[in-house]
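Just so you know, the sequence shown maps onto residues 1 to 107 in the UniProt record's numbering. Beta carbons are placed, not taken as given, at the ideal position from N, Cα and C, and that holds for glycine. First up is the structure itself, then whatever we jot down about it.
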Amino acid sequence: MSEATPRITAPYLEQFSHQTVRILGKVTQLRGEQATIDAGGQITLHLNRDSHLTVDHAVEVIGKVQNDLSVRVLVSTDFGTGIDFGIADAVVDATHRYHEIFYQKDS
Numbered sequence: 001m002s003e004a005t006p007r008i009t010a011p012y013l014e015q016f017s018h019q020t021v022r023i024l025g026k027v028t029q030l031r032g033e034q035a036t037i038d039a040g041g042q043i044t045l046h047l048n049r050d051s052h053l054t055v056d057h058a059v060e061v062i063g064k065v066q067n068d069l070s071v072r073v074l075v076s077t078d079f080g081t082g083i084d085f086g087i088a089d090a091v092v093d094a095t096h097r098y099h100e101i102f103y104q105k106d107s
């Protein structure tokens, strides 16, 4: 993937509508071709055939934010358990505080 994939949490979804983003969250629910993760708030994921998620595991998703602020998964990686989400939140904060390093902000 050559386009920037800024790291976000649920509060940033609206700001990145129709863009490809990277999200780290904890899987809270699986329902067929959908899942819900907690990433600073609940996010609904639309899974692809290669998505193999497990409830209570951390997952990193690269996906496109949809009109309804759900995310269509392009790639997912299971990070298992034991992830410090406090550090992940700090990385998201730094990504947006110093956005010029990570992505171009629309004016």
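Bounds of the alpha helix (DSSP H) holding G86 are 85–97. Cβ-Cβ separation between V61 and I8: approximately 10 Å, too far for a contact (criterion under 8 Å). In this structure, L30 lies away from N48, with their beta-carbon atoms at least 9 Å apart. Listed in chain order, the non-local C-beta contacts of S17 below 6 Å within the same chain comprise V65, local neighbours out to five positions each way being set aside. Each residue's CA atom was taken as its position, placing D50 and S76 some 8 Å apart. Just measuring C-alpha positions, the residue of E3, V55, I43 sitting nearest E14 is I43. Nearest to G63 by alpha-carbon distance, out of V21, H96, D84, is V21.
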